[in-house]
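Q: Heads up: the sequence shown begins at 73 in the working numbering, then just goes up one per residue.
All residues carry an ideal CB built from backbone N, CA and C; glycine is no exception.
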Amino acid sequence: MAESVRTLLSEEEVDKRIEELGAQISRDYAGETVHLVCVLKGAVFFMCELAKRLTIPVTMDFMSASSYGSSTKSSGVVKIVKDLDEPLKDKHVIVVEDIVDSGRTLSYLLKMFGDRGPASIRLCTLLDKPERRVTDVKVDYTGFEIPDEFVVGYGLDYDQRYRNLPYIGVVEFN
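1. Does the beta carbon of residue 173 fall short of 7 Å from some heavy atom of the ligand GDP?
2. Going by CA-CA distance only, name the one from 196, 219, 116 and 133 that's closest to residue 107.
3. Determine the extent of the beta strand (DSSP E) in which residue 225 is found, giving its start and end residues.
4. Report yes if the C-beta distance between residue 199 and residue 175 is below 8 Å; otherwise report no.
5. In three-state terms, what does DSSP make of residue 180?
6. My output table needs one value for residue 88: the three-state DSSP class, helix, strand or coil.
7. What separation, rounded to the nearest whole angstrom, lies between the Cα atoms of residue 236 and residue 102?
8. Return yes when the Cβ of residue 224 is within less than 8 Å of the Cβ of residue 77, no when it is not.
9. By Cβ distance, which residues of its chain are closer than 6 Å to residue 192, with the 5 residues on each side in sequence left out?
10. If you drop the 5 nearest sequence neighbours on each side, which residues of the same chain put their C-beta closer than 7 Å to that of residue 79?
11. For the beta strand (DSSP E) that residue 206 lies in, which residues bound it at each end?
12. Once you ignore the five residues that flank residue 112 on each side, which residues in its own chain have a CB closer than 6 Å to its CB?
13. Does DSSP put residue 174 in a helix, a strand or coil?
14. Where does the unbroken alpha helix (DSSP H) through residue 121 begin, and where does it stop?
15. Of all the options 96, 232, 234 and 229, which has the alpha carbon lying nearest to the alpha carbon of residue 196?
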């Protein structure tokens, strides 16, 4: 099956919104250090760009979890592929995600991280699909609310392809 990619959000739109999110987080955490937790692989592009725009001290860690595999639909089972390297105790944690869809993965991760004793924990996502939510997840910082379409680019993939697109596109199956 062949597919094509239609632009949903341009590189300029994404860049501008990340700048705005960086300014908002910097204001909210003025005088504090934030610990960004990247959910690999998709959020790495977003987290790096976001971190560059923060004016407060930043530390980072990475976690890999998945509920998709090579499908376009969530399996509903969260698999931890790589856990964090650093403890979260007493840190101001911001979980950085590429997209919040069903909410299953984030709900699981937020509970798991919350049990590790952070001073605070918030969620920042580049993309949010609230109409797909099956689990209640509070998103503190949202780049864009998008319709229920399968998106790629800026770290998001379809079967490991299209992550390197500098914009957000919709996969259209021909």
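A: So, to answer that:
1. Of ligands this structure carries none, so the ligand GDP is not represented either.
2. 133
3. That residue, residue 225, is in no beta strand (DSSP E); it is neither H nor E in DSSP.
4. no
5. helix
6. helix
7. 32 Å
8. yes
9. 164
10. 239 and 241
11. Element bounds for residue 206: n/a, residue is neither H nor E.
12. 134 and 136
13. coil
14. 116-124
15. 96
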